[in-house]
């Protein structure tokens, strides 16, 4: 079976969703940035029609002007060697929201929880979005660049416990 | 009056079969598992955040602490991602040394995976201790090479930190042939054991399509019948020079996952034999490596290898300074847990322990 190259995928993507692609930055890995509203449709298209059945990695980068959510996609069936890197720029740093891809690739489940936990990006449509590595009530999101770099007091970091019903 | 209701049970975080501090919230209907939820994060040390304040080379010791059984492959994955980003060339001898160390690490990991699985089945420590004995022999070689046994800090961006010590090659050859005998012995003693078969066959089945959709990689994916091995697919390092196969099993139950490990040990031994025979002389560290890491490009790259547990990837984002702007670790152990719920539903509670054992997680890597 002939392998589909990343250039062909981009051409097909531009044909199907002419408005979705916003940027093709020159990086080592083949990268395509799409609009955040179009992400889910693009994901369906890439999985079902381009054979990218495997989401290797999902993460986010905190840039000074925006958040970048990065998806590294491969095809296990076609055994692609170079990753197809899908990026979404989130300009709204106050309230970053994005559609979840967990309904498409179950492997994104824990990774989206992790991005939510450490970077504070909400994923709409995720079945169970929760803090996965830190506990509920931890102050802030550590991987953001503006995360306060100081020593926390023990009381601040104490995990929230359910209150004892007898003492109330 | 009699009534039935399901019980919620917390398995862990302090439980011998969870391989560390890992908790599973299980909803039980009698003895059968109805629902479960993995809870992690007890060992979270924020390695990704700490890396942002360190130079590229200073991150290498942190990667030792991810999957502390396979320090060498962690080093290799990180080094390869950085080399890809900064465009560093690696000398040929260093590539050979990397392959030798990575395959020894794979044997360690697979021996321990088999040993711990048997431990969980109630073969109290006997197979595990024999596996530990062989692991010690490999660790002795590591200690001779780089001075430490677990946290090796040996494979660096640009090559490896030191050349092999005198007498390494003959000793490693002797050990390789010994390991082959040992694996034969292990295979004969364990694989067809009747009790083992009745406990593991048709338990925790993972279908191939679910495995791909859940991003499961490594021996677990291949035990489900998908011949996907990044050593073959990417041909990274110098793996295209060696003659080896990608074994697969077809059911994806616990027995297949066990047997997959045994089969892969044989392939690692094949690679080791060829690599030890053909290793060339030469330098072990690229000449321009440290210079290019002082001023790396403003670029980003995703490097991945076939670590013993699956795809271990590092996503390095550089901003032109000597520290990484962002470092993302793609942990195979954590993502291999994505399908734990589907594998365990409807199984008995004692099988849950065995299924978790066959996933073979290391909590240092799950929580980072």
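Chains as they are written, first to last, in our numbering: chain G, 4 to 171; chain B, -5 to 362.
C-beta: ideal position from N, C-alpha, C; glycine also.
Classification of residue i by the beta-carbon crowding that lies within 10 angstroms, buried from 16 upward
i	result
residue 44/B	exposed
residue 277/B	exposed
residue 116/B	exposed
residue 4/G	Note that residue 4/G scores 46 on pLDDT, short of 50, meaning its location in the model is unreliable and no value can be drawn from it.
residue 206/B	buried
residue 155/G	exposed
residue 344/B	exposed
residue 327/B	buried
residue 172/B	exposed
residue 22/G	exposed
residue 141/B	exposed
residue -5/B	exposed
residue 261/B	buried
residue 303/B	buried
residue 151/B	buried
residue 211/B	buried
residue 214/B	buried
residue 309/B	buried
residue 14/G	exposed
residue 200/B	buried
residue 191/B	exposed
residue 362/B	buried
residue 135/B	buried
Chain-ordered neighbours of residue i on chain G, where CB pairs are closer than 8 Å
i	result
residue 220/B	79
residue 361/B	136
residue 228/B	84
residue 45/B	Neighbours of residue 45/B on chain G: none; closest Cβ ~11 Å, over 8 Å.
Chain-ordered neighbours of residue i on chain G, where CB pairs are closer than 7 Å
i	result
residue 206/B	56, 57 and 79
residue 42/B	146
Those residues which DSSP pairs with residue i across a bridge
i	result
residue 26/G	36/G
residue 312/B	318/B
residue 301/B	304/B
residue 57/B	DSSP, once it has assigned bridges, lists no residue as partnering residue 57/B.
residue 257/B	BP columns for residue 257/B are empty, so no partner.
residue 129/G	None, per the DSSP bridge assignment.
residue 179/B	The partner list for residue 179/B (beta bridge, DSSP) is empty, contrary to what the question assumes.
residue 153/B	150/B and 279/B
residue 98/B	DSSP output for residue 98/B lists no bridge partner at all.
residue 323/B	308/B
residue 90/G	36/G and 73/G
residue 294/B	311/B
residue 265/B	Note: residue 265/B sits in no beta bridge, so no partner.
residue 102/G	127/G
Partners in chain B for residue i, counting only beta-carbon separations shorter than 8 Å
i	result
residue 31/G	78, 79, 293, 294 and 295
residue 137/G	35 and 38
Neighbour flag for residue i against chain B, beta carbons, 8 Å
i	result
residue 26/G	no
residue 4/G	Because the pLDDT of residue 4/G is 46, which lies under 50, any placement of that residue in the model is unreliable, and the number read from its coordinates should be weighed accordingly. So, not an interface residue.
residue 115/G	no
residue 110/G	yes
residue 159/G	no
residue 52/G	no
residue 97/G	no
residue 101/G	no
residue 9/G	no
7 Å Cβ cut-off: residues of chain B touching residue i
i	result
residue 86/G	296
residue 62/G	309 and 322
Beta carbon proximity, residue i to chain G, threshold 8 Å
i	result
residue 38/B	yes
residue 329/B	yes
residue 315/B	no
residue 209/B	yes
residue 332/B	yes
residue 283/B	no
Within chain B, partners of residue i - CB distance below 9 Å
i	result
residue 125/G	Ordered by position in chain B, no residue passes the 9 Å Cβ test against residue 125/G, which lies about 19 Å from the chain.
residue 75/G	296, 298, 307, 309 and 324
residue 151/G	Within chain B, no residue comes near residue 151/G; the closest Cβ sits about 12 Å away, beyond 9 Å.
The ligand HEM heavy atom lying under 7 Å from the CB of residue i
i	result
residue 271/B	With respect to the ligand HEM, the structure offers nothing, as it holds no ligand at all.
**Study point:** 4-residue-minimum alpha helix (DSSP H) runs that sit fully inside the stretch 193 to 249 of chain B, ordered along the chain
**Key:** 202 to 207, 213 to 217 and 224 to 227
Check your understanding: Can you list the alpha helix (DSSP H) stretches of 4 or more residues lying completely in the stretch -5 to 79 of chain B, in chain order?
Key -> 41 to 45 and 54 to 58
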